[in-house]
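J.: Can you keep this structure in mind? I'll have questions shortly.
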Ligand SMILES: NC(=O)c1ccc[n+]([C@@H]2O[C@H](COP(=O)([O-])OP(=O)(O)OC[C@H]3O[C@@H](n4cnc5c(N)ncnc54)[C@H](O)[C@@H]3O)[C@@H](O)[C@H]2O)c1
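Residue numbers (my numbering): 1 to 391.
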């Protein structure tokens, strides 16, 4: 796909811009590492902060040309779209309420978007953004980074191959403890916007980590949510969004699931864990021990599948970097999403379809995640009534 009026070049690194991710931010630095790991992207521009001074200081620290460090994302989109060597893709790493307005500025100009989750703060915005993305020639990549782990790819391939039989039960949880106290009252930046419904959306833990758990469950099982019943709480006094949620799920086809997300569970750091049970076997995977996958066939001993080791198949192998026993983790998994994005962008540059093995979450998964949060909030307000997600 040639993007009108822009110089694509025959090859070379993909010119990347970034919105958000300035000094003191969390995930922007992770995106920069992930983009660098395989040498397929080069960061050349950014609007790193709502504060122009901080944006400039952040750009200088990253060694960028000061003329390509912008005071605002709209100015950046306009200026970069005009340049012959303008950015080809933008990473969006701002708080949630800015994902939609930023993405729209770039998608409209044919610039590929790599956006962090959740897709947007509201379902209305998610639907509007999906419509813009559908009209744009540019790609939309959503960094549900846990889908980049080799053992998660392995689990998905095993379910798809029928190695578990028809799926009956899905148990997924994402527990943390960093919001067990009113951290937002101290001014801590990441806590402040995450507990402000205007910036995070109506879901707190559900939007922040529940969407990861939900996406992981759907990615591995291929199931589609039919209805849910959610019981959400804000345990910390005065908190305006949930910090703990229990969700019952019914999937199309009859499978049942439970999702627990919590940011007030002492002793938990990033305890994302998935268990899937079919008629003939089960699978268990935990993010904090990501190089291992348990396969539990009914009536037979449990088997431990190791990343790069015996029993690990081609879906895992194509995103495996180092031999078994040398740990790969969060950064490599994140970089796998960037590598998949690069393959798709390079194919688009050359006007060909990407290799069918290229897999990354996109706008559809983003919309499903925001619809999941919306359904959780609606259900919980009605006393944990069963509701359907409005995909
Ligand atoms: N995939 C993951 O594992 C993961 C982990 C953490 C956060 N996230 C997501 O990443 C996003 C950012 O989270 P974070 O923890 O890094 O937040 P953060 O508060 O640390 O960083 C947000 C950044 O956005 C900047 N920003 C705010 N308004 C801006 C504007 N108008 N223009 C340009 N920059 C602006 C801030 O200055 C800051 O640099 C959120 O959507 C969050 O849900 C994803």
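Ideal Cβ positions, reconstructed from N, Cα and C, are used throughout, including at glycine.
Being a predicted model, the structure only gives us computed values, none of them experimental.
Look at residue 88 and residue 112 and say whether their C-beta atoms are less than 9 Å apart.
T.: Yes. Within cutoff.
J.: Could you pull out every residue in the same chain whose Cβ sits closer than 7 Å to the Cβ of residue 293, ignoring the five residues on either side in sequence?
T.: Around residue 293: 151, 154, 155, 283, 285, 305.
J.: For residue 237 and residue 182, what's the separation of their Cα atoms in angstroms?
T.: Rounded to whole angstroms, residue 237 to residue 182 spans 8 Å at the Cα level.
J.: In this structure, how does DSSP classify residue 3 when only helix, strand and coil are distinguished?
T.: Residue placement at residue 3 is flagged as unreliable, the pLDDT there being 39, under the threshold of 50; a coordinate-derived value is accordingly withheld.
J.: Do residue 165 and residue 296 have their C-beta atoms closer together than 9 Å?
T.: Result no, Cβ atoms of residue 165 and residue 296 do not sit closer than 9 Å.
J.: By the 10 Å Cβ neighbour count, where 16 or more other Cβ atoms means buried, how is residue 144 classified, buried or exposed?
T.: Buried: at least 16 other Cβ atoms inside 10 Å.
J.: Out of curiosity, what's the CA-to-CA distance linking residue 226 and residue 316?
T.: Each residue's Cα considered, the two are about 29 Å apart.
J.: Have a look at 231, 319, 372, 19 and flag the residue whose alpha-carbon is nearest the alpha-carbon of residue 359.
T.: Nearest of 231, 319, 372, 19 to residue 359, Cα basis: 319.
J.: May I ask whether a heavy atom of ligand 1 can be found less than 8 Å away from the beta carbon of residue 216?
T.: For ligand 1, not one heavy atom lies less than 8 Å from the Cβ of residue 216.
J.: Would residue 257 pass as a contact of residue 223 if the rule is Cβ separation under 9 Å?
T.: Yes, the Cβ-Cβ distance between residue 257 and residue 223 is below 9 Å.
J.: In its own chain, which residues sit with a C-beta less than 6 Å from the C-beta of residue 269, not counting the 5 before and 5 after it?
T.: Excluding positions up to five away in sequence, the list is empty.
J.: If distances are taken between C-alpha atoms only, which option among 123, 174, 136, 328 comes closest to residue 103?
T.: Among 123, 174, 136, 328, the Cα nearest to that of residue 103 is on 136.
J.: Keeping to the same chain, check which residues put their C-beta closer than 6 Å to that of residue 374; ignore five residues upstream and five downstream.
T.: Excluding residues within five positions, the ones whose Cβ falls inside 6 Å are 123.
J.: Using a Cβ-Cβ cutoff of less than 6 Å, which residues in the same chain neighbour residue 74 once the five nearest sequence positions on both sides are dropped?
T.: Excluding positions up to five away in sequence, the list reads 105.
J.: Among 253, 217, 278, which has the Cα closest to the Cα of residue 161?
T.: Taking only the C-alpha atoms, the option nearest residue 161 is 278.
J.: Should residue 253 be labelled buried (16 or more other beta-carbon atoms within 10 Å of its own) or exposed?
T.: Exposed, since its Cβ has fewer than 16 Cβ neighbours within 10 Å.
J.: Give me the Cα-Cα distance between residue 17 and residue 59, rounded to the nearest whole angstrom.
T.: Taking the straight line from one Cα to the other gives about 11 Å.
J.: Which stretch, first to last residue, makes up the alpha helix (DSSP H) that contains residue 174?
T.: Unbroken run through residue 174 is the beta strand (DSSP E), 167-175; no alpha helix (DSSP H).
J.: What do you get for residue 138, buried or exposed, if any count of 16 or more other CB atoms within 10 angstroms of its CB means buried?
T.: The residue in question, residue 138, is buried, as its Cβ has 16 or more Cβ neighbours within 10 Å.
J.: I'd like to check one pair, residue 344 with residue 41: are the Cβ atoms closer than 9 Å?
T.: The answer is no: Cβ separation not under 9 Å.
J.: Among the residues of its own chain, which have a CB less than 8 Å from the CB of residue 13, if the five just before and after it don't count?
T.: Excluding residues within five positions, the ones whose Cβ falls inside 8 Å are 39, 40, 41, 42.
J.: Establish whether the CB of residue 65 and some CB of chain B are separated by less than 9 Å.
T.: Absent here is chain B; the protein component of the structure consists of one chain.
J.: Whole angstroms is fine: what's the gap from residue 348's alpha carbon to residue 175's?
T.: Distance between the alpha carbons of residue 348 and residue 175: 38 Å.
J.: Assign residue 244 to one of three DSSP states: helix, strand, or coil.
T.: It is a strand residue.
J.: Where does residue 386 sit, in a helix, a strand or coil, going by DSSP?
T.: It is coil, neither helix nor strand.
J.: Select from 11, 92, 24, 107 the residue whose C-alpha is nearest the C-alpha of residue 45.
T.: Residue 45 has its Cα closest to that of 92, out of 11, 92, 24, 107.
J.: Should residue 255 and residue 173 be called a contact, given that it needs their Cβ atoms to be closer than 9 Å?
T.: Contact: no.
J.: Looking at residue 23 and residue 214, is the spacing between their C-beta atoms short of 9 Å?
T.: It is not a contact, given that the beta carbons lie outside the stated cut-off.
J.: If the criterion is Cβ atoms closer than 9 Å, does the pair residue 230 and residue 248 meet it?
T.: Closer than 9 Å, so yes.
J.: Taking the continuous alpha helix (DSSP H) assigned at residue 36, which residues delimit it?
T.: Taken as a continuous stretch (DSSP letters only), the alpha helix (DSSP H) holding residue 36 covers 27-36.
J.: Closer than 8 Å: is that where the CB of residue 23 sits relative to any heavy atom of ligand 1?
T.: Flag set: Cβ of residue 23 near ligand 1.
J.: Could you give the distance in angstroms between the alpha-carbon of residue 322 and the alpha-carbon of residue 308?
T.: Spanning the two alpha carbons is a distance of roughly 8 Å.
J.: Is residue 94 close to ligand 1? I mean its beta-carbon at under 8 Å from any heavy atom of the ligand.
T.: Under cutoff, so the answer is yes.
J.: Since residue 49 and residue 69 are thought to touch, with beta carbons under 8 Å apart, how far apart are those beta carbons, to the nearest angstrom?
T.: Contact flag wrong, Cβ pair sits at about 10 Å.
J.: Quick check: is any heavy atom of ligand 1 less than 8 Å from the C-beta of residue 26?
T.: Because some heavy atom of ligand 1 lies under 8 Å away, the Cβ of residue 26 counts as near it: yes.
J.: Answer yes or no: the CB of residue 336 versus the heavy atoms of ligand 1, is any distance below 8 Å?
T.: Result no, Cβ not under 8 Å from ligand 1.
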